[in-house]
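The structure appears below as structure tokens.
Number of protein chains: 2
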Amino acid sequence: MTEAVGLSASLEDYLEAIYNIIQEKSAVRAKDIAGRLQVSNASVTGALKALAKRDFLNYAPYDVITLTPKGEKIAREIVRRHQVLKDFFVKVLAIDEDEANKTACKLEHGISPQIVNRLVQFIEFIDVCPLGGDKLIEGFKRHLECGVDRNKCEHCLDMARGLVARSGQVQKIQKKRLLELKVGDRGLIRGIRTKGPLKKRLSEMGLTPGSVVEVERVAPMGDPIEVKVRGYHLSLRKEEAEKIDVEVR
Amino acid sequence: MTEAVGLSASLEDYLEAIYNIIQEKSAVRAKDIAGRLQVSNASVTGALKALAKRDFLNYAPYDVITLTPKGEKIAREIVRRHQVLKDFFVKVLAIDEDEANKTACKLEHGISPQIVNRLVQFIEFIDVCPLGGDKLIEGFKRHLECGVDRNKCEHCLDMARGLVARSGQVQKIQKKRLLELKVGDRGLIRGIRTKGPLKKRLSEMGLTPGSVVEVERVAPMGDPIEVKVRGYHLSLRKEEAEKIDVEVR
DNA sequence: AAAAAAATTTAGGCAAGACTAACTTTTTTG
DNA sequence: CAAAAAAGTTAGTCTTGCCTAAATTTTTTT
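Chains as they are written, first to last, in our numbering: chain X, 1 to 249; chain S, 250 to 498.
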């Protein structure tokens with residue numbers, strides 16, 4: 001008898017807006033919903049009908065709008081997803097509130113309960129963990145403040161150096177060429193001995209001094225070499241990899 | 250002359266699929282795209298036309314499909330967003346690969362470059378940071394393994410206790426009632442002295458032993474009390490808050 | 001190389017969700 | 001309390017993006 005739960009992203013937005021307006025004011029007016037979602041009044045009427053048909057809210061033309069228990073439950077879930085995402089962006093990634101809210105709005109649909117819960121657990125865990133805590137997030141923010149030119153901030157460079165191997169023992173930093181790294185090795189880029197379009201292409205991909213590069217795969221003949229930098233996968237020729245200086249330890 | 254960049258989520262999916270198929274095979278067949286995106290062949294044709302019109306790919310009926318430089322650039326961005334999200338889910342949140350991929354597919358549209366970059370920086374940072382590193386993620390995984398009954402795992406409880414205050418000094422654990430906490434205080438729930446529908450309602454909200462609860466606001470007369478648990482905001486009556494035992498330090 | 005099979009495209013439909021314009025109801029105001 | 005203003009609704013249209021069925025082109029088989 002009960003149909004599938006699937007609510008479209010659009011209808012979820014309406015439900016969320018209605019829930020939020022109820023929290024702020026006592027009554028919900030179609031106009032407020034329209035204003036909040038940047039949509040015409042006519043669209044609101046349509047959405048209200050759709051939501052009412054599915055029993056998420058009580059609605060009759062010109063009548064007051066209230067959420068049904070079912071509607072309120074779902075709305076809470078949506079608001080929670082939004083809140084969790086926003087918290088993560090603000091507290092962990094140090095994104096400003098506005099951007100965090102905007103992005104949370106877009107992502108809140110289609111994020112599974114499992115991942116929402118994991119995010120909550122992770123945010124709590126960072127606080128809780130003896131290895132983490134505020135110090136971790138503070139460190140991250142300091143790290144971010146170094147700004148664009150990571151290559152000039154010794155603090156950042158030190159951290160990035162740490163990425164290469166974290167065995168716990170003190171190790172010497174070695175200067176190598178990217179070409180010399182094996183699969184799985186990571187290095188900190190310190191220089192690129194090339195110019196012109198190739199240098200530009202590498203730069204655009206994030207292959208710049210200060211970035212961490214990881215070797216993902218090497219073809220049988222040692223060419224091409226697949227690497228990962230800043231979330232990009234790219235494929236380099238032997239000659240190119242030879243021209244990139246890295247630090248490893 | 251050049252129109253807005255905005256590409257719909259649907260068209261982004263097609264572009265991504267095409268890019269991925271090109272990486273795997275040499276040629277792109279409409280059928281492969283249809284299979285990957287679980288849509289009919291006719292839909293693929295429509296999408297190809299739309300993408301060709303915007304100059305993301307070279308296409309003519311029955312002809313081979315190739316990406317234009319512009320299309321390839323955008324496709325790379327999309328693939329990167331997907332990869333970064335997936336990496337975050339898998340490496341940081343310890344989500345299994347399948348679920349991570351599915352969710353990344355849904356979220357990859359509408360995540361701003363700033364947040365993608367922050368995610369990359371954060372993943373790298375956790376590795377790099379002397380406070381974090383693999384240990385942090387390992388700890389998180391152990392934490393997750395405790396499973397549902399967090400209230401029985403001393404390891405988790407210890408961590409959760411740490412959340413209440415992390416001043417660095419050793420402090421005594423105090424038993425209190427939620428009612429006694431002030432705004433901003435956090436406590437670890439140890440028991441709920443109530444039954445029936447109220448207990449059920451609280452449970453559904455995540456207000457259960459083992460959870461961390463934070464007091465967000467208290468109304469002038471001390472009632473209601475707004476708290477946050479597991480990403481949910483909820484409002485408790487004085488009588489309810491009195492029946493919840495917490496640990497603070 | 002013709003017939004059969006597979007792939008692709010076209011044509012025509014449908015649903016969601018937005019819009020504008022015109023109309024109705026409610027609220028406010030003189 | 002009636003007229004004006006504001007709010008809400010209806011009707012009709014448009015776009016996106018999916019579908020099925022039928023037609024067309026390409027590829028594979030015999």
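Think of the CB as a built atom: it goes at the ideal place given N, C-alpha and C, for glycine as much as any other residue.
When rounded, the separation of the alpha-carbon atoms in leucine 85 (chain X) and phenylalanine 125 (chain X) is 16 angstroms. Just measuring C-alpha positions, the residue of X:Gln83, X:Pro61, X:Asn41 and X:Glu247 sitting nearest proline 209 (chain X) is X:Glu247. Arginine 439 (chain S) sits in a strand when the DSSP states are folded into three classes. When DSSP states are grouped into helix, strand and coil, leucine 256 (chain S) belongs to the coil group.
Sequence-distant partners of arginine 193 (chain X) (beyond 5 residues in either direction) whose C-beta falls short of 8 angstroms from its own C-beta, in its chain, are Lys243, Ile244 and Asp245. Glutamine 121 (chain X) counts as buried, since no fewer than 16 other beta carbons sit within 10 angstroms of its beta carbon.
Where glutamine 174 (chain X) is concerned, the enclosing beta strand (DSSP E) starts and stops at 174 to 177. For the pair phenylalanine 305 (chain S) and isoleucine 323 (chain S), the CB atoms are nearer than the 8 angstroms cut-off.
Histidine 482 (chain S): member of the beta strand (DSSP E) spanning 481 to 485, first to last residue.
Rounded to whole angstroms, the separation of the alpha carbons of serine 275 (chain S) and alanine 283 (chain S) is 17 angstroms. When Cβ pairs closer than 8 angstroms are counted between the two stretches, the segment 100 to 118 of chain X is seen to touch the segment 352 to 367 of chain S, the count reaching three or more. By the Cβ test, the segment 216 to 230 of chain X is not in contact with the segment 306 to 322 of chain S, since fewer than three Cβ pairs between them sit closer than 8 angstroms. For the 8 angstroms CB-CB criterion, leucine 437 (chain S) and valine 461 (chain S) form a contact.
At a cut-off of 8 angstroms, the C-beta of lysine 70 (chain X) has no neighbouring C-beta in chain S. Taking 7 angstroms as the upper bound on Cβ-Cβ separation, chain X lies near no residue of the segment 273 to 299 of chain S. In the structure shown, the three-state DSSP call for threonine 66 (chain X) is strand. Collapsing the DSSP output to three states places lysine 477 (chain S) in a strand. Nearest in C-alpha terms to leucine 342 (chain S), of all of S:Ile372, S:Ser292, S:Leu264 and S:Pro362, is S:Ile372. In this structure, leucine 37 (chain X) lies near tyrosine 14 (chain X), with their beta-carbon atoms less than 8 angstroms apart. In the DSSP annotation of this structure, the continuous segment of the alpha helix (DSSP H) that includes arginine 201 (chain X) starts and ends at 196 to 204.
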